[in-house]
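A.B. asks: Okay, handing you the structure first.
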Ligand SMILES: [Zn+2]
Ligand SMILES: [Zn+2]
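Residue numbers (the UniProt record's numbering): 1 to 239.
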C-alpha cells in the first residue's frame, strides 16, 4: 500500500495531493484547491510570481489583430529582463543552475519566474530577501517551489508550436531566450565556477551602502521599513 501511494504521489491518480502544484508549482485553484498543495520546507527552486510582463500582451488591439510591439522588440525586451533577473540572482544569492520564465496568460502562471539554484541555502536566502523587495513598482512575492524537473512541468505541445490551449494552458509555456544570451549566461556561469578557486568575493548584501545605489541598471534594496510610494525608476528595476 505504501509503495502504491508513493508511486502515485503527485500524479493525477493521487486524490489527496494536487498534481498541478506538485509538478508546476502553481495550480489554477490556488488556496481553494480541493487537493493538498504541499509547500516544500526546503528546495533548490524558487518561484517569483508574475514578474515578467510581455509587452506584446498589453500592446494588442482589442480584436487581437494587430500588435504594436514587433517580435524582435519583444525578444530584446525579454532577453534584457531575463539577463537582469538571472544576474541579480547569481550576484545576490548564489549560483543558478537553471532559470525559466512562463509565457502563459492564466493568473496563476502569467509572468512566473522559476529560479533553480545549485544550493538549497541560496534558494532559502533568496526567498526571504526577495519578499522584502520590489520589482517594476510591484512588491515581489517569492516562495520555495516543489518544481525540480522542468521537463515534467512544461507543455510539450507548446515546444512543438502546437498547443491548442494557448496562453491559458495549465502547463508551463517556457519562453526561450536568444541563443546568444543562453551562451553568455550559462557559459559565463561555468567560467565563474572555475574561477572560484580564487578567493571568494565579499558575501552579497554585506555592505548596505552598495545596495542602495539608484543608478539606472543597478538593483537596490528598500531603504527603511516600508516605502509606500511607487518607485520612479525605469522599467525592470528592483528595489
Ligand atoms: Zn491544486
Ligand atoms: Zn500548452
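We put the CB at the ideal spot given by N, CA and C, even for glycine.
Model, not experiment: these values are computed from the prediction.
1. Along the chain, where does the beta strand (DSSP E) containing residue 97 start, and where does it finish?
2. Rounded to a whole number of angstroms, what is the C-alpha to C-alpha distance between residue 79 and residue 88?
3. Report the rounded CA-to-CA distance for residue 114 versus residue 70, giving the unit in angstroms.
4. What residues does ligand 2 have around it, judged by CB closer than 6 Å to any heavy atom, in chain order?
5. Where do the ends of the beta strand (DSSP E) carrying residue 48 lie?
6. Report the CB separation of residue 116 from residue 97 in whole angstroms; it is logged as a contact under 8 Å.
7. Is residue 9 a contact residue of ligand 1, with contact defined as CB to any heavy atom under 7 Å?
8. In its own chain, which residues sit with a C-beta less than 6 Å from the C-beta of residue 101, not counting the 5 before and 5 after it?
9. Cβ of residue 35 within 7 Å of any heavy atom in ligand 1?
10. For a quick check, are the C-beta atoms of residue 145 and residue 45 less than 8 Å apart?
11. Are residue 32 and residue 18 touching if we call contact CB-CB under 8 Å?
12. Taking the alpha carbon of residue 43 as the point to measure from, which residue in 67, 49, 122, 82 has its own alpha carbon closest?
13. With a threshold of 8 Å on Cβ separation, who are the neighbours of residue 9 within its own chain once the five nearest residues in sequence on each side are excluded?
14. So, using beta-carbon positions, are residue 48 and residue 172 closer together than 8 Å?
15. Could you pull out every residue in the same chain whose Cβ sits closer than 6 Å to the Cβ of residue 157, ignoring the five residues on either side in sequence?
C.D. replies: By the coordinates alone:
1. It spans 96 to 101 - the beta strand (DSSP E) in which residue 97 sits, taken as one unbroken run.
2. Computed Cα separation, rounded: 14 Å.
3. Answer to the nearest angstrom: the Cα atoms are 26 Å apart.
4. The filter returns 155, 157, 158, 163, 165, 169, 171, 173, in chain order.
5. It spans 45 to 48 - the beta strand (DSSP E) in which residue 48 sits, taken as one unbroken run.
6. Indeed they touch by this definition, with Cβ atoms about 5 Å apart.
7. No, the Cβ of residue 9 stays beyond 7 Å of every heavy atom of ligand 1.
8. Excluding five sequence positions before and after residue 101, the CB atoms of its chain that fall closer than 6 Å to its own CB belong to 52, 113, 175, given in chain order.
9. Yes, the Cβ of residue 35 comes within 7 Å of a heavy atom of ligand 1.
10. For the pair residue 145 and residue 45, the CB atoms are nearer than the 8 Å cut-off.
11. No. Outside cutoff.
12. Residue 122 is the option with its Cα nearest to residue 43.
13. For residue 9, where only same-chain residues beyond five positions count, the Cβ hits under 8 Å are 17, 22.
14. No, the pair does not count as a contact, with Cβ atoms beyond the cut-off.
15. Taking C-beta separations shorter than 6 Å and ignoring five residues to either side along the sequence, the partners of residue 157 in its chain run 163, following chain order.
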